[in-house]
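J.: Under my numbering, the first residue of the sequence shown is numbered 81, with each subsequent residue one higher. Heads up, the beta-carbon is just placed ideally off N, CA and C, and yes, glycines get one too. Please read all numbers here as calculations on a predicted model, not as lab measurements.
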Amino acid sequence: MAGNFFGLDIEVYMVKVSYDQKPYRRYIMETYGAQVYASPTDRTQYGRSLLAQNPNNPGSLGIAISEAVEAAATSNGKKKYALGSVLNHVALHQTVIGIEALEQMEMAGEYPDVVIACAGGGSNFAGFTFAFLHQNFTNGKKTRVIAAEPASCPSLTQGKYTFDYGDTAQMAPVVKMHTLGHTFMPPGIHAGGLRYHGMSPQVSALVNAGHVEARAVRQLATFEAGVLFARTEGIFPAPESNHAIRVAIDEALAAKRDGVQKVIAFNLSGHGHFDMAAYHAYHDGQLEDFDYPVEAVEQAMQDLPKVAL
Ligand SMILES: Cc1ncc(COP(=O)(O)O)c(C=O)c1O
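#1: Tyr191: which of Gly178, Ala199, Ser203, Val297 sits nearest, CA to CA?
#2: If you follow the beta strand (DSSP E) that Phe346 is part of, which residue opens it and which one closes it?
#3: In terms of DSSP beta bridges, what is Pro230 paired with?
#4: Work out the CA separation of Ser280 and Met381 for me, nearest whole Å.
#5: Tell me, to the nearest whole angstrom, how far the beta carbon of Ala249 is from that of Tyr126; I am working on the premise that it is less than 8 Å.
#6: To the nearest angstrom, how far is the alpha carbon of Glu293 from that of Thr209?
#7: I'd like to confirm something about Asn395: is its beta-carbon nearer than 7 Å to some heavy atom of ligand 1, or not?
#8: Rounded to whole angstroms, what's the CA-CA distance from Ala328 to Gly272? Just pull it up for me.
#9: Mark Asp383 as exposed unless 16 or more other C-beta atoms lie within 10 angstroms of its C-beta, in which case mark it buried.
#10: Are the Cβ atoms of Ala305 and Arg326 separated by less than 8 Å?
#11: Taking the alpha helix (DSSP H) that Ile196 falls in, what are its first and last residues?
#12: For Phe236, which residues in the same chain have their Cβ closer than 7 Å to its Cβ, ignoring the five residues on either side in sequence?
#13: Kindly list the residues whose CB is nearer than 6 Å to the CB of Asn204, restricted to its own chain and excluding five residues on each side of it in sequence; keep chain order.
#14: Report the rounded CA-to-CA distance for Ala188 versus Val343, giving the unit in angstroms.
#15: Check for me: the alpha helix (DSSP H) holding Lys96 runs from which residue to which?
#16: Does Thr259 come out as helix, strand or coil in the three-state DSSP assignment?
#17: Would you mind sorting Gly142 into buried or exposed? The rule is 16 or more other CB atoms within 10 Å of its CB.
#18: Using a Cβ-based criterion (distance less than 7 Å to any ligand heavy atom), does Leu274 qualify as near ligand 1?
#19: I want to check one thing, is the minimum distance from the CB of Cys233 to the heavy atoms of ligand 1 below 7 Å?
#20: Between which two residues does the alpha helix (DSSP H) containing Ala132 stretch?
#21: Got a sec? Which residues, its chain only, sit under 6 Å from Pro120 by beta carbon, not counting five neighbours each side?
#22: Give the list of continuous beta strand (DSSP E) stretches no shorter than 3 residues that lie fully inside the stretch 259 to 340.
#23: Using the C-alpha atoms, what's the distance from Phe212 back to Gln299?
#24: With distances taken Cα to Cα, identify the nearest neighbour of Ala376 among Thr218, Pro234, Met109, Asp100.
#25: Report whether the distance from the Cβ of Glu320 to the nearest heavy atom of ligand 1 is below 7 Å.
#26: For ligand 1, is there any heavy atom lying closer than 7 Å to the beta carbon of Gly142?
#27: Hey, out of Glu180, Ala334, Ala252, whose CA is closest to Leu167's CA?
#28: May I ask whether a heavy atom of ligand 1 can be found less than 7 Å away from the beta carbon of Gly278?
#29: Less than 8 Å separating the beta-carbons of Gly352 and Pro385?
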């Protein structure tokens with residue numbers, strides 16, 4: 081069955097663990113006409129080479145990107161590749177979120193002391209917080225800006241700020257960013273959208289320059305925060321968003337402890353209606369914390385591209 085969405089044929093390389101953990105997201109894409117494959121697939125040379133080494137390879141965002149790039153690059157111009165995060169134009173496109181948030185703050189007669197968003201590739205983070213950073217840089221505002229990431233994929237807090245490939249097969253451009261190394265193989269945590277080895281070059285540069293703080297949070301604590309949020313607000317958050325919620329709660333608790341009043345805004349990057357498997361695992365006591373080992377980062381640095389400056 082050929083995929084078709086408003087006249088477009090859409091082929092999706094979905095990270096295998098997410099394909100298995102998030103079947104309902106796949107069904108939605110299929111309903112809209114996309115053809116969805118569990119990456120690594122046997123459809124690309126790179127995917128086949130990985131499956132030959134390990135037929136149970138769980139995949140990663142870096143591998144899925146490599147497969148999609150290869151599929152487009154070998155299609156004689158028939159297929160185009162689109163990346164939904166990391167790159168500057170995506171971050172810029174998302175800034176509509178922060179521009180709206182600024183206006184909403186004005187309507188509420190408030191201005192945030194702290195803004196927070198989760199960061200996988202960096203697009204919702206950039207989209208939400210850049211508008212406030214702009215006010216910091218040009219208008220004397222002093223809002224603290226915090227990026228929340230998983231302790232199991234800590235590119236901003238543990239990764240090196242250096243040049244690396246955006247994908248595992250080294251087909252995507254080399255960019256300067258915080259990276260765990262393009263060979264990074266993430267553990268199968270339930271926040272698939274945050275399992276990327278690198279980070280938006282813009283977000284990385286802002287962290288490196290000290291304009292943005294980064295904080296790593298553990299899986300169990302993020303789900304605890306998400307469940308508390310659902311029970312108090314009635315909104316069911318995505319596992320990725322739970323990272324931002326965790327940090328927002330921690331900031332609120334710190335303010336309470338210090339006896340200060342703070343306006344804290346965070347970006348709820350998505351709902352969790354199709355992430356029931358993750359919540360099911362949490363409620364069943366099957367989720368575990370995992371801190372990515374620092375030695376693994378050092379090891380992966382051996383494979384960085386050599387860039388002459
Ligand atoms: C709900 C949700 N939030 C956040 C992210 C992280 O992506 P980014 O860092 O590009 O915003 C994802 C990625 O899939 C997501 O699904």
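T.: By the coordinates alone:
#1: In the sequence shown, residue 191 corresponds to position 111, counting from 1. Of Gly178, Ala199, Ser203, Val297, the residue nearest in Cα terms is Gly178.
#2: If you number the sequence shown from 1, residue 346 lands on position 266. First-last of the beta strand (DSSP E) with Phe346: 344 to 346.
#3: Here residue 230 refers to the residue found at position 150 when the sequence shown is read from its first residue. According to DSSP, which records beta bridges pairwise, Pro230 is partnered with Val297.
#4: Counting from one through the sequence shown, the residue named residue 381 turns up at place 301. Counting from one through the sequence shown, the residue named residue 280 turns up at place 200. Computed Cα separation, rounded: 18 Å.
#5: Here residue 249 is taken as the residue at index 169 of the sequence shown, counted from 1. Here residue 126 is taken as the residue at index 46 of the sequence shown, counted from 1. About 5 Å separates the two Cβ atoms, so the contact holds.
#6: Position 213 of the sequence shown, counted from the start, is the residue given in the question as residue 293. Position 129 of the sequence shown, counted from the start, is the residue given in the question as residue 209. About 12 Å.
#7: No information on residue 395 is available, as it lies outside the stretch 81 to 389 that the chain covers here.
#8: As a working mapping, residue 328 is identified with position 248 in the sequence shown. As a working mapping, residue 272 is identified with position 192 in the sequence shown. C-alpha of Ala328 to C-alpha of Gly272: approximately 21 Å in a straight line.
#9: As a working mapping, residue 383 is identified with position 303 in the sequence shown. So Asp383 ends up on the exposed side.
#10: Position 225 of the sequence shown holds residue 305. Position 246 of the sequence shown holds residue 326. Yes, the Cβ-Cβ distance between Ala305 and Arg326 is below 8 Å.
#11: Mapped onto the sequence shown, residue 196 falls at position 116. Not the alpha helix (DSSP H): Ile196 falls in the beta strand (DSSP E), residues 194 to 198.
#12: Along the sequence shown, one-based indexing puts residue 236 at 156. The question names Phe, but residue 236 is Leu in the sequence shown. So the qualifying residues of the chain are Ala199, Ala227, Glu229, His258, Met279, Val287, Ala294.
#13: Here residue 204 refers to the residue found at position 124 when the sequence shown is read from its first residue. Correct list, in chain order: Ala197, Asn347, Ser349.
#14: Indexing the sequence shown from 1 puts residue 188 at position 108. Indexing the sequence shown from 1 puts residue 343 at position 263. Those two C-alpha atoms are separated by around 11 Å.
#15: Position 16 of the sequence shown holds residue 96. Where Lys96 is concerned, the enclosing alpha helix (DSSP H) stretches over 96 to 101.
#16: Position 179 of the sequence shown, counted from the start, is the residue given in the question as residue 259. Here Thr259 sits in strand by DSSP.
#17: Locating residue 142 in the sequence shown gives position 62, where the first residue counts as 1. So Gly142 ends up on the buried side.
#18: Position 194 of the sequence shown, counting from 1, holds the residue named residue 274. Yes, ligand 1 has a heavy atom inside 7 Å of this Cβ.
#19: One-based indexing of the sequence shown puts residue 233 at position 153. No, Cβ of Cys233 sits at least 7 Å from all heavy atoms of ligand 1.
#20: For the purposes of this step, residue 132 is identified with residue 52 of the sequence shown, where counting begins at 1. Ala132 -> alpha helix (DSSP H) spans 125 to 133.
#21: For the purposes of this step, residue 120 is taken as residue 40 along the sequence shown, with counting starting at 1. Here the set comprises Gly127, Leu130, Leu131, Asn137, Gly139, Ile143.
#22: 293 to 297
#23: In the sequence shown, residue 299 corresponds to position 219, counting from 1. In the sequence shown, residue 212 corresponds to position 132, counting from 1. Going from the Cα of Gln299 to the Cα of Phe212 covers about 28 Å.
#24: Position 296 of the sequence shown holds residue 376. The shortest C-alpha separation from Ala376 is found at Pro234.
#25: As a working note, residue 320 is residue 240 in the sequence shown. Yes, ligand 1 has a heavy atom inside 7 Å of this Cβ.
#26: The sequence position of residue 142 within the sequence shown is 62, counting from 1. Gly142 Cβ: outside cutoff for every heavy atom of ligand 1.
#27: Position 87 of the sequence shown holds residue 167. Answer by Cα proximity: Ala252.
#28: The residue you call residue 278 lines up with position 198 of the sequence shown. Not under cutoff, so the answer is no.
#29: The sequence position of residue 352 within the sequence shown is 272, counting from 1. The sequence position of residue 385 within the sequence shown is 305, counting from 1. Result no, Cβ atoms of Gly352 and Pro385 do not sit closer than 8 Å.
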